[in-house]
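Each protein sequence line maps, in turn, to chains A and B. The first sequence begins at 218 in my numbering and counts up by one. The second sequence begins at 400 in my numbering and counts up by one. Have a look at the structure below, then the notes.
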Amino acid sequence: MVGFRAAFLNETTKLMKKKKILAAAILSVLAVVVGQVAVTAIKHGFGLRVVGSTEFPLVVLSIFVYTILPLFATFVAIDMFNGEFSANTMKITLTRPVTRFGVYSAKVLTIALFIAANLFFVMGLSLLAGLMFNPSSASMLGMLRIVLSYSSSFLPVFVFALLVVWLCNLLRGGLAVFFLSILVFVGFTFLDIVLSHYSSFFITSMFDWYTLWISEKINAFKIMRQLLIMLGSGIMFFTAGYYLFDRKDI
Amino acid sequence: MKLSKKKMTVLSFTIGACVFVSTAFADVLLGSGYDSFKSSIKTTAAQMENGLENYTFETLITLKDNNQKVFQTSTYSMVDNIKQAKEHSTTSQYSNGKTTTSYGYNDQKFDIWKNGMDDKYYVTEIPEDSNRERGKSFTNPFNEQGAPEMEKVVDALVGNLKENVQAEERSDGGKIYSGTLSATQVPALVNAVSSFGIKQAIRDQARAEGDFKMTEIESDIYVKKVTGTAIENKAGILENVTGDIILSGKDKKGVEHDLALNIVFKLSDIGSTKVTKPNLGGANVEKVSYYGGITSKYVGTYKNNIIIEKDGEFVKIGERRLEIVSVENGKIAGKFVETVKPGFEADYPDPYDFEFEYKQKDYNSRFTYINSDGDQEQGQLHPSNPGKIYVDLQIEVIDENSYRSNSRANWDQEFNRVFED
Numbered sequence: 218m219v220g221f222r223a224a225f226l227n228e229t230t231k232l233m234k235k236k237k238i239l240a241a242a243i244l245s246v247l248a249v250v251v252g253q254v255a256v257t258a259i260k261h262g263f264g265l266r267v268v269g270s271t272e273f274p275l276v277v278l279s280i281f282v283y284t285i286l287p288l289f290a291t292f293v294a295i296d297m298f299n300g301e302f303s304a305n306t307m308k309i310t311l312t313r314p315v316t317r318f319g320v321y322s323a324k325v326l327t328i329a330l331f332i333a334a335n336l337f338f339v340m341g342l343s344l345l346a347g348l349m350f351n352p353s354s355a356s357m358l359g360m361l362r363i364v365l366s367y368s369s370s371f372l373p374v375f376v377f378a379l380l381v382v383w384l385c386n387l388l389r390g391g392l393a394v395f396f397l398s399i400l401v402f403v404g405f406t407f408l409d410i411v412l413s414h415y416s417s418f419f420i421t422s423m424f425d426w427y428t429l430w431i432s433e434k435i436n437a438f439k440i441m442r443q444l445l446i447m448l449g450s451g452i453m454f455f456t457a458g459y460y461l462f463d464r465k466d467i
Numbered sequence: 400m401k402l403s404k405k406k407m408t409v410l411s412f413t414i415g416a417c418v419f420v421s422t423a424f425a426d427v428l429l430g431s432g433y434d435s436f437k438s439s440i441k442t443t444a445a446q447m448e449n450g451l452e453n454y455t456f457e458t459l460i461t462l463k464d465n466n467q468k469v470f471q472t473s474t475y476s477m478v479d480n481i482k483q484a485k486e487h488s489t490t491s492q493y494s495n496g497k498t499t500t501s502y503g504y505n506d507q508k509f510d511i512w513k514n515g516m517d518d519k520y521y522v523t524e525i526p527e528d529s530n531r532e533r534g535k536s537f538t539n540p541f542n543e544q545g546a547p548e549m550e551k552v553v554d555a556l557v558g559n560l561k562e563n564v565q566a567e568e569r570s571d572g573g574k575i576y577s578g579t580l581s582a583t584q585v586p587a588l589v590n591a592v593s594s595f596g597i598k599q600a601i602r603d604q605a606r607a608e609g610d611f612k613m614t615e616i617e618s619d620i621y622v623k624k625v626t627g628t629a630i631e632n633k634a635g636i637l638e639n640v641t642g643d644i645i646l647s648g649k650d651k652k653g654v655e656h657d658l659a660l661n662i663v664f665k666l667s668d669i670g671s672t673k674v675t676k677p678n679l680g681g682a683n684v685e686k687v688s689y690y691g692g693i694t695s696k697y698v699g700t701y702k703n704n705i706i707i708e709k710d711g712e713f714v715k716i717g718e719r720r721l722e723i724v725s726v727e728n729g730k731i732a733g734k735f736v737e738t739v740k741p742g743f744e745a746d747y748p749d750p751y752d753f754e755f756e757y758k759q760k761d762y763n764s765r766f767t768y769i770n771s772d773g774d775q776e777q778g779q780l781h782p783s784n785p786g787k788i789y790v791d792l793q794i795e796v797i798d799e800n801s802y803r804s805n806s807r808a809n810w811d812q813e814f815n816r817v818f819e820d
């Protein structure tokens, strides 16, 4: 792919300059701090040990993966597509000697990088907080579980981001895409409860698939199935998004 | 062969869609161990309520503190759905060696009850015309109001933990379900709520029952491990369900305690359980009236004083008199009169003076009377300590199961028997 590297570098540089990254970082730190304060308060108030040091990051993850992470992934995706179209900077990118597929994949890869980086950042922070406040209950196995959980959480959130990317290319207005994404998120979560039997069709139900990776008996078939579901829907959204992006007039 | 861009796009979209749809459907069809476990619980509950002719049901609950038995209770019940009879006995053991037992039998004609305190059987004969609905031996909790909603909420909370329930086929056609959750997998919210709940429950239990002695755990409480197994027979009925919860915590001195709660349910002798009425010949038997209430020994006069507070003093301004004239076959006839001393009429307007007659059908039977304004009102009699009766008047019926009694000013519902010395 001609110029893909350049396009990717271009996208990441643009992303790094955005204030949103700073906001995401601050919110992540805040989430970890608030979580730790809550845990400490419960420990001293009620005498309950809600989490040990190596479990704290998992508690943070269980909330983070449903809130800040998909929200900011949505922001970033909207910025990269709708934002650039409305600011008329998309022209500059597209007139470079790069194929449209190159530009599209560079953007998607940058979103992936953002999600991975954010997960990694929160993992580091919460691990640090956990070890600082409850040093007694740390273990090697626990550490391994945390790394596994955070790494596996990347996939479902990324697939959700691909869905948002597809919406970005479907609609012109950034605000419309944002609200539609929220609606999809809430709708899926709701359907997941009402039609719990069919939860496999809703990507949000897989946000907690990391629990499969750390369970006592690992159910490899279930992991395989969920992996295939996510890969399948990921490919679907990626191609559908690309198809629309390719046909867009500048 | 080089595919055009368009073909490439269509192809990859199709592949993605195929993979997604087929795996998602496969996933739905396969379900999880959790789903099939849930459906066998439902089948079992439905069969126990209606379907199985008879069965024996055992429950065993054990609580251990650092491997020392603190409390154990076991219930053994035999149910016959056709004769609508049930026999059950419960034994509880405490750490101080004390044991309590209770025994009960009921069918359509008799209620028999015996507790561990006195060696006596309390027998109630249920009359043919009682309008009490015979309670079922077992009520299916899944048919209760709001159960489907609760189920949805639980399903949502369980989420991907469902996969921790493993189902295994047995050689004889049944299934074994098993599952384990270690401390890391128990969701934080569930952990916090259940730890707190169990801590409170133990404390309440210890306060309520003097025999229930155990160290109170104060800090660092968390769910250490949850395990469970269930055995399903080939008819799809769960025969044996075992659950273990280990809770860890520290007491005041910082000593660590592992509290292990073990619960076992056993369903056995399906089709071969025989419920028989106990032979009470020679046993110490006390008959208890079914109406809970007014028997012929209550015939007589009961009185209390009408007292008001006037100028900082209690003043007796009159008397209430309840006379139970006759009690025959549950039919009660009586009189109720209030007499107010002359000069105090203004302090106690509209005194009652009526006769009543009614038939006791259950412990909640009411009689109708006419008050001084000529309106119909309802009242009720409750037996109290020996020689005492409580009277409720002006009862307002809200619905089948609830009512409210509006007592008027200076009303006293306790009436004492008048004895001629």
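Heads up, the beta-carbon is just placed ideally off N, CA and C, and yes, glycines get one too. Fair warning: this is a prediction, and the values are worked out from it, not measured in the lab.
Straight through space, the alpha carbons of residue 702 of chain B and residue 816 of chain B are spaced by roughly 6 Å.
Three or more pairs of CB atoms, one per stretch, sit closer than 8 Å, so the segment 613-629 of chain B contacts the segment 589-596 of chain B. A check of alpha carbon separations from residue 347 of chain A across A:224, A:278, A:430 and A:455 identifies A:278 as the nearest. The C-alpha of residue 441 of chain B lies about 34 Å from the C-alpha of residue 282 of chain A. Note that the C-beta distance between residue 707 of chain B and residue 749 of chain B is not below 8 Å. Within the same chain, 683 come within 7 Å of residue 518 of chain B by CB-CB distance, once the 5 residues on both sides are set aside. When the Cα atoms are used, residue 651 of chain B and residue 433 of chain B turn out to be separated by approximately 39 Å. A buried status is given to residue 416 of chain A, since no fewer than 16 other beta-carbon atoms sit within 10 Å of its beta-carbon. Below the 7 Å Cβ cutoff, chain B contributes no neighbours of residue 296 of chain A, its closest Cβ being approximately 25 Å away.
Rounded to whole angstroms, the separation of the alpha carbons of residue 338 of chain A and residue 308 of chain A is 33 Å. Taking 8 Å as the cut-off, the beta carbon of residue 758 of chain B is found closer than this to the beta carbon of residue 729 of chain B.
Listed in chain order, the alpha helix (DSSP H) runs fully inside the segment 288-369 of chain A are 307-311, 317-350 and 357-369, counting runs of at least 4 residues.
Residue state for residue 801 of chain B is assigned as strand, using DSSP reduced to three classes. Around the C-beta of residue 544 of chain B, fewer than 16 other C-beta atoms lie within 10 Å, and the residue is accordingly described as exposed. Remark: C-beta atoms of residue 321 of chain A and residue 340 of chain A do not approach each other more closely than 8 Å. Restricting attention to A:394, A:356, A:357 and A:326, the CA atom closest to the CA of residue 372 of chain A is found in A:326.
Within chain A, the residues 442 have their CB atoms less than 7 Å from the CB of residue 425 of chain B, given in chain order. Here the alpha carbons of residue 408 of chain B and residue 318 of chain A stand approximately 11 Å from one another.
Contact between residue 263 of chain A and residue 595 of chain B is confirmed by a C-beta separation of about 6 Å, below the 8 Å threshold.
Look at residue 642 of chain B here: in three-state DSSP terms it is strand. Taking a 10 Å sphere around the C-beta of residue 234 of chain A, we find fewer than 16 other C-beta atoms and assign the residue as exposed. Segment contact: the segment 294-307 of chain A against the segment 434-453 of chain A, fewer than three CB-CB distances shorter than 8 Å; contact not assigned. Non-local beta-carbon contacts of residue 385 of chain A in its own chain, meaning distances under 7 Å to residues more than five positions away in sequence, involve 294, 295, 298, 299 and 394 in chain order.
Contact check for residue 428 of chain A against residue 560 of chain B passes: the beta carbons are separated by less than 8 Å. Of all residues in the segment 370-396 of chain A, none is placed with a Cβ closer than 9 Å to any Cβ belonging to chain B.
If you draw a 10 Å sphere on the C-beta of residue 756 of chain B, you find fewer than 16 other C-beta atoms in it, and that means exposed. Looking at the backbone, the Cα of residue 628 of chain B and that of residue 425 of chain A are separated by about 25 Å.
About 7 Å separates the beta carbons of residue 676 of chain B and residue 509 of chain B, which is inside the 8 Å limit, making them a contact pair. Interface flag for residue 464 of chain A against chain B is unset, since no Cβ pair is found closer than 8 Å.
Cβ contact annotation for residue 303 of chain A (same chain, cutoff 7 Å, sequence separation greater than five): 391, in chain order. Under the DSSP assignment, residue 427 of chain A falls outside any beta strand (DSSP E), being part of the alpha helix (DSSP H) whose first and last residues are 427-430.
Our two residues, residue 238 of chain A and residue 332 of chain A, have alpha carbons roughly 11 Å apart in a direct line. Residues are counted here when their Cβ sits less than 8 Å from a Cβ of chain A; for the segment 568-589 of chain B these are 579, 580, 581, 582, 583, 584, 586 and 587, given in chain order.
According to DSSP, residue 782 of chain B shares a beta bridge with B:788. Put simply, of B:697, B:511, B:722 and B:715 the residue whose alpha carbon is nearest the alpha carbon of residue 786 of chain B is B:697.
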